[in-house]
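Structure first, commentary second.
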Amino acid sequence: MRVLAVCGMGLGSSLVLRIGVEAALRELGIEGTVEAVDVSTAKADRPDLIVTSGQLAELLHGRGVPVIEIHNYVDRAEIKSKLQAALSR
Amino acid sequence: MVAGRNARDGEWSDTLAGVITEATVRLDVPAADWREAVRAAGGLLAAAGAVAPEYVEAMVRTVEELGPYAVISPGIALPHARPADGARRAGLSLVRLRPPVAFNHPHNDPVDLVFGLSAVDSESHVAVLAALAELLSDPASVAAIRAAATAADVVSVCSTACGGRR
Numbered sequence: 024m025r026v027l028a029v030c031g032m033g034l035g036s037s038l039v040l041r042i043g044v045e046a047a048l049r050e051l052g053i054e055g056t057v058e059a060v061d062v063s064t065a066k067a068d069r070p071d072l073i074v075t076s077g078q079l080a081e082l083l084h085g086r087g088v089p090v091i092e093i094h095n096y097v098d099r100a101e102i103k104s105k106l107q108a109a110l111s112r
Numbered sequence: 029m030v031a032g033r034n035a036r037d038g039e040w041s042d043t044l045a046g047v048i049t050e051a052t053v054r055l056d057v058p059a060a061d062w063r064e065a066v067r068a069a070g071g072l073l074a075a076a077g078a079v080a081p082e083y084v085e086a087m088v089r090t091v092e093e094l095g096p097y098a099v100i101s102p103g104i105a106l107p108h109a110r111p112a113d114g115a116r117r118a119g120l121s122l123v124r125l126r127p128p129v130a131f132n133h134p135h136n137d138p139v140d141l142v143f144g145l146s147a148v149d150s151e152s153h154v155a156v157l158a159a160l161a162e163l164l165s166d167p168a169s170v171a172a173i174r175a176a177a178t179a180a181d182v183v184s185v186c187s188t189a190c191g192g193r194r
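Protein chains in written order, with the working numbering: chain A, 24 to 112; chain B, 29 to 194.
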C-alpha cells in the first residue's frame with residue numbers, strides 16, 4: 024500500500040513520521056511504501072493512506088483517502104494502534 | 029563501537045555523532061517564548077556554519093506560518109526552514125530549555141528539547157533524521173538527554189546508543 028506522511032514541508036517532522044510509519048508497517052507485517060511530503064503535494068495525490076498531525080489532517084479529510092492523526096511522531100505504539108484501527112475498517 | 033550492537037544501531041549512532049557536537053548543544057537555556065527558543069536553536073546552527081544567519085528568522089517564520097507543526101512529541105520540537113532559506117549543509121542543534129516553553133501545540137506542550145534542523149535538499153539529511161528518529165523513539169535515551177549534566181553527556185548519549193537500547 025502507498026502511504027503519505029504529511030508535514031508542512033516534507034523534509035523535517037514528516038521524515039520522522041515516515042520512519043515511524045515504516046517501522047509500524049513492518050511490525051504489522053504490511054507491505055507498503057511511505058513518502059514524506061508537504062500538504063500541497065499530498066492534496067494533489069491519491070495514496071492509499073495519509074498520516075499527519077491534527078492541524079493538517081483537517082485540510083486533507085473528505086477526499087476519499089483515509090487520514091490518520093498522530094500526536095506523538097516517535098511513539099511506535101500510537102502509530103501501530105492507529106494504523107491497525109484504520110486498516111481494519 | 030560497542031561489541032554486540034547490530035549494524036543498524038552502529039550506523040545511526042555514528043551518523044549522529046558527526047552532526048551533534050558539543051558546539052551545537054546548549055543546556056538549561058532560558059527563553060521568554062517559543063520564538064526565543066527557536067532562535068537559540070537556530071543560532072547554534074548559524075554559529076556552526078550549517079546555515080546563513082537569515083535561516084534563523086526563517087525558522088521562526090515557518091512556525092508562524094505553519095503553526096506548531098514542529099512539536100512532534102511531548103516536549104520535543106524540531107523546527108527548521110526550507111533549504112532555500114539559507115541552509116548550507118545538513119545540521120542538527122539541541123537547546124534544552126529551562127524552564128520549558130509553550131509552543132501552543134494542542135497535545136505536546138510545553139517544550140523542553142528544541143532540535144534545530146537544517147537540510148540542503150529533501151534527501152541529503154535523511155540519514156541524520158533517521159538517526160534522530162531512532163534516538164527519540166527510545167524513552168531511555170530521551171530521559172538521558174533530559175538528565176544530562178553537560179553538553180558532552182548529550183553528545184555521548186547520541187553517539188553511543190547505550191542510553192537504553194533493549
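All residues carry an ideal CB built from backbone N, CA and C; glycine is no exception.
By the Cβ-count criterion, residue 54(A) is exposed, with fewer than 16 other Cβ atoms from all chains shown falling within 10 Å of its own Cβ. The beta carbon of residue 49(B) lies closer than 7 Å to those of 183 in the same chain, with the five residues before and after it left out. Residue pairing from DSSP places residue 30(A) in a beta bridge opposite 61(A). Residue 47(A) sits buried, since 16 or more C-beta atoms from the chains shown fall within 10 Å of its C-beta. Residue 43(A) sits buried, since 16 or more C-beta atoms from the chains shown fall within 10 Å of its C-beta.
The alpha-carbon of residue 131(B) is positioned some 20 Å away from that of residue 98(A).
Only residues of its own chain outside the window of five on either side were considered, and among them 72, 76 and 121 have a CB closer than 6 Å to the CB of residue 52(B), listed in chain order.
Taking a C-beta distance under 8 Å as the contact criterion, residue 64(A) and residue 33(A) qualify as a contact pair. With at least 16 other beta carbons inside 10 angstroms of its own, residue 101(B) counts as buried. Around the beta-carbon of residue 104(A), fewer than 16 other beta-carbon atoms lie within 10 Å, marking it exposed. Taking a beta-carbon distance threshold of 8 Å, residue 90(B) counts as an interface residue toward chain A.
Under the DSSP definition of a beta bridge, residue 100(B) lacks any partner. Residue-level contact check: residue 107(A) does not touch chain B, since none of the beta carbons of chain B fall below 8 Å from its beta carbon. Non-local C-beta neighbours of residue 61(A) in its own chain, meaning closer than 8 Å and more than five positions away in sequence, comprise 29, 30, 31, 32, 33 and 37, ordered along the chain. The beta-carbon separation of residue 27(A) and residue 73(A), rounded to 5 Å, stays under the 8 Å limit for a contact. Between residue 140(B) and residue 95(B), the CB-CB gap reaches or exceeds 8 Å. Distance check between residue 56(B) and each of 173(B), 44(B) and 185(B) places 173(B) closest, using alpha-carbon atoms only. When only Cα atoms are considered, residue 87(A) and residue 144(B) end up about 35 Å apart.
For the set 162(B), 163(B) and 124(B), the Cα lying nearest the Cα of residue 58(B) is the one of 124(B). Residue 101(B) reaches chain A at 95, 96, 97 and 98, counting residues in chain order whose Cβ is nearer than 8 Å.
Contact between residue 66(B) and residue 142(B) holds: their C-beta atoms lie close to 7 Å from each other, under 8 Å.
For residue 42(A), no beta strand (DSSP E) segment is defined; the enclosing uninterrupted segment is the alpha helix (DSSP H) at 36-51.
Taken through DSSP and simplified to helix, strand or coil, residue 77(A) comes out as helix. When rounded, the separation of the alpha-carbon atoms in residue 88(B) and residue 99(B) is 13 Å. For the pair residue 147(B) and residue 111(B), the CB atoms are nearer than the 8 Å cut-off.
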